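Novice: Residue numbers for the sequence shown follow the numbering used here, so the first one is 17 and each next one is one higher. Sending over a structure as structure tokens; questions will come in a sec.
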Amino acid sequence: MFKNKVVLHQVFLVFVMFLLVAKNIFIRGEYLSINWIWWLLGTTIGFVFVFADRIFYSLVLRPNEALGVKIKDQLNQGKVKEGFWTLLLERQEQKELMMRSFLFVATWIILGFLTVTSVSDYFARGFLLGIGTHLIFDFVYDYYYNKDRFDLWFWQIKREIPAQEKRLFLIIASLLYFVIAVRL
Numbered sequence: 017m018f019k020n021k022v023v024l025h026q027v028f029l030v031f032v033m034f035l036l037v038a039k040n041i042f043i044r045g046e047y048l049s050i051n052w053i054w055w056l057l058g059t060t061i062g063f064v065f066v067f068a069d070r071i072f073y074s075l076v077l078r079p080n081e082a083l084g085v086k087i088k089d090q091l092n093q094g095k096v097k098e099g100f101w102t103l104l105l106e107r108q109e110q111k112e113l114m115m116r117s118f119l120f121v122a123t124w125i126i127l128g129f130l131t132v133t134s135v136s137d138y139f140a141r142g143f144l145l146g147i148g149t150h151l152i153f154d155f156v157y158d159y160y161y162n163k164d165r166f167d168l169w170f171w172q173i174k175r176e177i178p179a180q181e182k183r184l185f186l187i188i189a190s191l192l193y194f195v196i197a198v199r200l
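Below, the structure is given as structure tokens:
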């Protein structure tokens, strides 16, 4: 199932990028230029950047846990590819990821609106879109296919949150992502 999620990540990112480029060409009448290459590059790098919290969690925040030790050993042996796959395949051990939290999603929404209204750099706009696309994809995916992981998005709150409130936040965040994405 994990490899399918990796493929779904890629398909979703390409789909979003295709729709937004098509919208700008056909609705706004903007033609492709060097700026679009910067935007596409920023979107791709932003999407991949979200994986950095897994690296940070395992190697900086929790380096002495089993996963952190295993990854460090693989990296020390020059097995970078194996370390990367270990990091992704054993993601269930990473419970308190900074970027995969409702607070980070809320912060992203605020930054998204500020970027839409204030930033003209195509790379920066794409970078922010890539981060949001990855976060919202994971958030919605976890809601439908991994309920335990979905609950971990609210790890920073020290009380039990009703399922309706979690679902409401998911709906609001998804709608705001859509509004921001159309503008980026």
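Glycine included, C-beta positions come from ideal geometry on N, C-alpha and C. Computed from a predicted model, the values in this text were never measured in an experiment.
Please classify M114: is it buried, with 16 or more other beta-carbons within 10 angstroms of its beta-carbon, or exposed?
Specialist: Here residue 114 is taken as the residue at index 98 of the sequence shown, counted from 1. The residue is exposed, with fewer than 16 neighbouring Cβ atoms inside 10 Å.
Novice: Considering only residues of the same chain and omitting the five flanking positions on each side of M17, which have a CB-CB separation below 6 Å?
Specialist: Numbered from 1 along the sequence shown, position 1 holds the residue referred to as residue 17. Note that M17 has pLDDT 48, beneath the 50 cutoff, so the model's placement of it is unreliable and the number below is only indicative. Contacts found: none.
Novice: Can you give me the C-alpha to C-alpha distance between E109 and F34, rounded to a whole angstrom?
Specialist: As a position in the sequence shown, residue 109 is number 93, starting the count at 1. As a position in the sequence shown, residue 34 is number 18, starting the count at 1. Between E109 and F34, the C-alpha separation is close to 34 Å.
Novice: Over the uninterrupted alpha helix (DSSP H) stretch that includes G148, give me the two end residues.
Specialist: Counted from its first residue, the sequence shown places residue 148 at position 132. G148 -> alpha helix (DSSP H) spans 138 to 161.
Novice: Let me confirm a value: Y138 is counted as buried when at least 16 other C-beta atoms fall within 10 Å, else exposed. Which label applies?
Specialist: Residue mapping note: residue 138 aligns to position 122 of the sequence shown, counting from 1. Buried, because 16 or more other Cβ atoms sit within 10 Å of the Cβ of Y138.
Novice: Please classify L202 as buried or exposed, where buried requires at least 16 neighbouring CB atoms within 10 angstroms.
Specialist: Because the chain in this structure spans residues 17 to 200, residue 202 falls outside the shown range and cannot be described.
Novice: Looking only at its chain, what residues have a beta carbon closer than 8 Å to the beta carbon of D69, apart from the 5 residues adjacent to it on each side?
Specialist: For the purposes of this step, residue 69 is identified with residue 53 of the sequence shown, where counting begins at 1. Closer than 8 Å at Cβ, skipping near neighbours: L113, M114, M115, R116.
Novice: Would you identify the three-state DSSP class for S49, choosing helix, strand or coil?
Specialist: Reading the sequence shown from its first residue, position 33 is the one you call residue 49. In this structure, S49 counts as coil in the three-state DSSP scheme.
Novice: Can you find the residues in the same chain that come closer than 8 Å, C-beta to C-beta, to R183, ignoring five residues on each side of it along the sequence?
Specialist: Your numbering for residue 183 matches position 167 in the sequence shown. Contacts found: Y159.
Novice: Does the separation of the CB atoms of Q180 and L119 fall below 8 Å?
Specialist: As a first step, residue 180 is located in the sequence shown; it is residue number 164 there, counting from the start. As a first step, residue 119 is located in the sequence shown; it is residue number 103 there, counting from the start. Taking 8 Å as the Cβ cut-off, Q180 and L119 do not qualify as a contacting pair.
Novice: Quick one, are the C-beta atoms of I196 and V156 less than 8 Å apart?
Specialist: Taking the sequence shown and counting its residues from 1, the one referred to as residue 196 is at position 180. Taking the sequence shown and counting its residues from 1, the one referred to as residue 156 is at position 140. No, these two residues do not count as a Cβ contact at 8 Å.
Novice: Measuring only the C-alpha atoms, how far is T59 from L192?
Specialist: The residue given as residue 59 occupies position 43 in the sequence shown. The residue given as residue 192 occupies position 176 in the sequence shown. Spanning the two alpha carbons is a distance of roughly 18 Å.
Novice: Using three-state DSSP, classify W124 as helix, strand or coil.
Specialist: Reading the sequence shown from its first residue, position 108 is the one you call residue 124. Helix, per DSSP.
Novice: Taking C-alpha atoms, which residue in L186, A82, F143, K86 lies nearest to I53?
Specialist: As a first step, residue 53 must be located in the sequence shown, where it is residue number 37. The shortest Cα separation from I53 among L186, A82, F143, K86 belongs to F143.
Novice: Taking DSSP as the reference, what is the three-state secondary structure of G84?
Specialist: Translated into the one-based positions of the sequence shown, residue 84 becomes position 68. If DSSP states are grouped into helix, strand and coil, G84 belongs with the helices.
Novice: L103 and I71: beta carbons closer than 8 Å?
Specialist: As a first step, residue 103 must be located in the sequence shown, where it is residue number 87. As a first step, residue 71 must be located in the sequence shown, where it is residue number 55. Against a cut-off of 8 Å, the Cβ pair of I71 and L103 comes out as a contact.
Novice: Run the CB neighbour count on S49, radius 10 Å, all protein chains shown included, and call it buried at 16 or more, exposed below.
Specialist: Residue mapping note: residue 49 aligns to position 33 of the sequence shown, counting from 1. The residue in question, S49, is exposed, as its Cβ has fewer than 16 Cβ neighbours within 10 Å.
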